[in-house]
Structure formats: C-alpha cells, structure tokens
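Residue numbers (my numbering), protein chains in the order written: chain A, 6 to 133; chain B, 6 to 133; chain C, 6 to 133. Even glycine gets a Cβ: it sits at the ideal position worked out from N, Cα and C. Note that the structure is a prediction, hence the values are computed from the model and not measured. The structure appears below as structure tokens.
So, in structure tokens, the structure goes:
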C-alpha cells in the first residue's frame with residue numbers, strides 16, 4: 006500500500022501538468038524493484054484555492070507531497086524510494102522553480118501495519 | 006475526538022452515496038460502547054478529481070479512509086473500532102466492488118494526546 | 006518547515022474569513038522567536054462539502070487544524086507554538102462559537118526529519 010498525496014497551490018495550476026506528475030510518480034514507485042505491488046500504488050493531487058505562504062506578500066506557490074507506505078521496508082529502501090519520488094518532483098517543476106517563487110517538499114510517513122485494513126481487486130490484475 | 010477522513014476517486018461519485026457512508030460510519034463509531042463521545046465524532050469525504058492508480062491503464066477507483074483517534078484506547082478497542090468502520094466501508098461499497106476495479110483501504114492513526122487542542126460546544130448537547 | 010492545514014465545514018464558509026485566518030496563523034508562527042523560518046511557513050484551508058458530525062441531526066460545524074512541524078523543537082516550544090496557533094483559532098471563531106454548534110480542534114504532528122525532502126527558493130528572499 007503506497008499512497009502519495011500532492012497538495013499544490015492554485016497559482017501553479019495552469020502550468021503544473023498534474024496528470025503527468027501523477028503518472029511519473031507512479032512509474033517511479035513501480036520501478037522500486039518490487040518494493041510496492043503495482044495494484045496498491047495510489048497517487049492523487051488536491052488543488053489548494055486558499056493558502057498563505059510566509060508573509061503572504063508575494064505570489065508564492067508550493068507543492069507538498071505526503072508519501073505513505075506500509076511498515077517493513079528498511080531505512081535504505083525508504084530513502085531510495087523518497088529520493089526517487091522527489092527526483093520526479095524536482096524534474097517536473099524545474100521550469101517553474103527557475104522563474105517564480107516555489108517551495109517543493111515531501112514527507113515520508115509509515116503506516117503502522119497493525120492499523121491498516123485493505124480490500125483490493127486490482128492486485129489480481131497484476132498477478133496474472 | 007474521533008476524526009474520519011474519506012478520500013474517494015471521482016469516477017465513483019455518481020454511485021458512492023457519500024452522505025449515507027458518513028452517517029453509517031458515525032453510527033458505527035457511536036456504537037463502540039462509549040469509547041468515543043458522540044459530540045466529538047466528525048467524518049468527511051474529499052472527492053479526488055486528479056488521481057492515478059497502479060499503471061493508470063484502466064478505470065481504477067479507490068476509497069481510502071484515515072481514522073484518527075485520541076490516544077488511550079487499548080489494542081483490542083482500537084482493533085474493534087477499525088473493524089467496525091471497515092465493515093461499514095466493505096458493505097457500503099460491496100456492489101461497486103463486485104463489478105469494477107476498486108481498492109478500499111483504511112489506516113488507523115492515534116493523536117499524541119500531548120499535542121491536541123479542543124474547544125467544542127456540541128459535547129454539551131449530548132451531556133444533557 | 007511548518008505546515009498548517011485547516012479543514013472547515015461548508016456551513017461556516019460565508020462567515021469564516023479564511024484568508025484572514027491563514028494570514029493571522031502565519032503571523033503567529035512567524036512570531037515564535039525564530040523557531041520557524043519565514044520562508045518555510047505554509048498554511049492552507051480545505052472546504053468540506055460532505056461531512057457528518059455526531060448524530061448528524063443538527064446543523065453542526067467544525068474546523069480542524071493539523072500543524073506539522075519538523076522535529077527538533079523541545080516540548081515547551083511545541084506547546085507554546087500550539088497554544089499560539091490555537092489562540093488565533095479561538096479568537097477568529099469566537100463570534101461563530103457563541104451563536105452556533107461548532108467544534109474547534111487542532112493536532113500537532115512532528116515530521117520525522119529522516120523522512121523529509123525540501124527545495125525552496127523562498128528562503129533566499131528572507132535571508133537578504
């Protein structure tokens with residue numbers, strides 16, 4: 006179960022290519038050598054229409070990603086996974102970053118395996 | 006303080022009966038033998054218009070629930086609470102699950118009691 | 006990296022002055038004696054159109070804030086920060102609280118510093 010949630014400020018929307026970001030993110034997670042079953046990878050983006058950054062005095066924008074994964078991957082695997090997804094983010098927003106105020110950030114968060122419930126018929130497709 | 010956040014993909018919206026899901030979820034939490042004061046139970050649903058699941062190649066849908074509760078319930082109480090809410094989710098989406106790609110998931114998350122603040126005039130109604 | 010996420014129910018929208026809430030919240034964080042670099046402070050608000058509180062039988066409303074901060078501040082600093090932001094929330098919604106059902110709540114959440122990634126050109130503005 007790998008969940009990726011993007012929040013992005015509305016002033017980036019016209020240039021953000023969110024669909025492309027999500028697809029590239031999933032591909033980066035799929036590429037992590039089988040760490041994350043394909044059928045369990047879910048990314049989404051939430052547009053923020055009301056936000057305030059720093060002193061609110063300029064046209065600041067930000068993208069924040071929360072990557073939630075099941076417990077059980079080791080430190081090196083977690084670091085490599087986070088690095089891979091953040092590399093996607095950095096590349097994806099490189100153009101915007103070069104010409105406007107922009108903060109990119111990501112947090113990695115592990116589920117407590119004792120505290121998750123699942124029911125998913127997509128896994129079967131990828132086991133075929 | 007029991008908070009329940011649903012995220013659901015927009016391709017489920019027309020058949021999801023979100024209002025019904027939320028009401029049944031609250032009732033399941035209320036039914037947990039006084040574990041959660043009625044006036045502190047808050048559920049909500051966020052519609053996801055931008056998402057990508059797995060390889061993005063089919064009409065996948067998902068519902069993810071985050072159940073946040075205050076610390077202090079024991080392991081058995083936490084398990085029973087999660088089981089009860091997830092049973093609601095499974096029943097609610099059984100029809101959709103039987104005929105389309107769908108992933109249902111839930112995580113349980115405990116607040117650090119040292120780190121919550123509250124001010125709530127709804128409790129008084131249920132103390133009457 | 007201080008992130009503040011407000012969720013508020015749609016029945017509060019016309020009287021909530023969300024822009025004012027966000028700006029005051031950022032100012033409260035900036036005022037925490039340099040604990041949070043100005044360029045890393047990001048607040049946002051998400052309007053909840055689908056929610057259910059308690060038994061769902063009255064026109065309940067709620068505002069829930071999630072304050073996410075980097076690890077490394079001590080307990081006293083975390084408490085003072087939470088108190089300062091919650092004081093803003095209490096003051097901001099005092100009028101609404103006095104005349105309708107309303108629950109205000111906040112949780113404080115620390116990032117695991119091993120699990121965050123950042124790239125932010127707003128910091129440079131405030132270092133000048």
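Residue i: contacting residues in chain C (beta-carbon distance under 9 Å)
| i | result |
| --- | --- |
| residue 124 of chain B | 91, 94, 95, 98, 102, 107, 108, 109 and 110 |
Those residues which DSSP pairs with residue i across a bridge
| i | result |
| --- | --- |
| residue 47 of chain A | A:8 and B:58 |
| residue 52 of chain C | C:13 |
| residue 68 of chain A | A:13 and A:109 |
| residue 121 of chain A | B:112 |
| residue 74 of chain B | B:7 and B:115 |
Residue range of the alpha helix (DSSP H) that includes residue i
| i | result |
| --- | --- |
| residue 110 of chain A | Here residue 110 of chain A belongs to no alpha helix (DSSP H); instead the beta strand (DSSP E) covers 107–115. |
| residue 30 of chain A | 23–35 |
| residue 93 of chain B | 80–97 |
| residue 41 of chain B | Premise fails: residue 41 of chain B is in no alpha helix (DSSP H) and is neither H nor E. |
| residue 63 of chain B | Looking at the DSSP string, residue 63 of chain B is not in any alpha helix (DSSP H), and its letter there is neither H nor E. |
| residue 129 of chain A | 128–132 |
Expected contact under 8 Å - CB spacing of residue i and residue j to nearest Å
| i | j | result |
| --- | --- | --- |
| residue 46 of chain A | residue 15 of chain B | That belief does not hold up - the Cβ atoms of residue 46 of chain A and residue 15 of chain B are roughly 18 Å apart, past 8 Å. |
| residue 129 of chain B | residue 67 of chain B | That pair is no contact at about 38 Å. |
| residue 89 of chain A | residue 36 of chain A | 7 Å |
| residue 102 of chain A | residue 73 of chain A | Contact flag wrong, Cβ pair sits at about 25 Å. |
| residue 49 of chain A | residue 55 of chain B | 6 Å |
| residue 11 of chain A | residue 63 of chain A | Contact flag wrong, Cβ pair sits at about 22 Å. |
| residue 6 of chain B | residue 86 of chain B | No, residue 6 of chain B and residue 86 of chain B are not in contact; Cβ-Cβ is about 13 Å, not under 8 Å. |
| residue 111 of chain C | residue 70 of chain C | 4 Å |
| residue 92 of chain B | residue 117 of chain B | At roughly 28 Å, the Cβ-Cβ gap does not stay under 8 Å, so residue 92 of chain B and residue 117 of chain B are not in contact. |
| residue 21 of chain B | residue 13 of chain B | 6 Å |
Under 9 Å from the C-beta of residue i: neighbouring residues of chain B
| i | result |
| --- | --- |
| residue 78 of chain A | The premise fails here: residue 78 of chain A is roughly 16 Å from chain B at the closest Cβ pair, so nothing lies under 9 Å. |
| residue 87 of chain C | 120, 121 and 122 |
| residue 20 of chain C | Going along chain B, no residue has its Cβ under 9 Å from residue 20 of chain C, so there is no contact; the nearest lies around 16 Å. |
Proximity test, residue i beta-carbon vs the ligand SAM heavy atom, cut-off 7 Å
| i | result |
| --- | --- |
| residue 130 of chain C | Of the ligands one can find in the structure shown there are none, so the ligand SAM has no counterpart to examine. |
Neighbour list for residue i in chain A, Cβ cutoff strictly below 7 Å
| i | result |
| --- | --- |
| residue 72 of chain C | In chain order: nothing, as chain A lies at least about 13 Å away. |
| residue 53 of chain C | Ordered by position in chain A, no residue passes the 7 Å Cβ test against residue 53 of chain C, which lies about 12 Å from the chain. |
| residue 113 of chain B | 120 |
Cross-chain neighbours of residue i in chain B, by beta carbon under 8 Å
| i | result |
| --- | --- |
| residue 68 of chain A | Within chain B, no residue comes near residue 68 of chain A; the closest Cβ sits about 13 Å away, beyond 8 Å. |
Chain-ordered chain C contacts of residue i [CB-CB under 7 Å]
| i | result |
| --- | --- |
| residue 48 of chain B | 56 and 57 |
| residue 44 of chain B | 59 |
Contacts that residue i makes with chain A (C-beta to C-beta distance below 8 Å)
| i | result |
| --- | --- |
| residue 65 of chain B | 127 |
| residue 24 of chain C | 55 and 57 |
Where residue i meets chain A, residues with beta-carbon distance less than 9 Å
| i | result |
| --- | --- |
| residue 31 of chain C | 57, 58, 59, 60 and 61 |
| residue 27 of chain C | 55, 56, 57 and 61 |
| residue 41 of chain C | By Cβ distance, chain A contributes nothing, its closest Cβ being about 10 Å from residue 41 of chain C, past 9 Å. |
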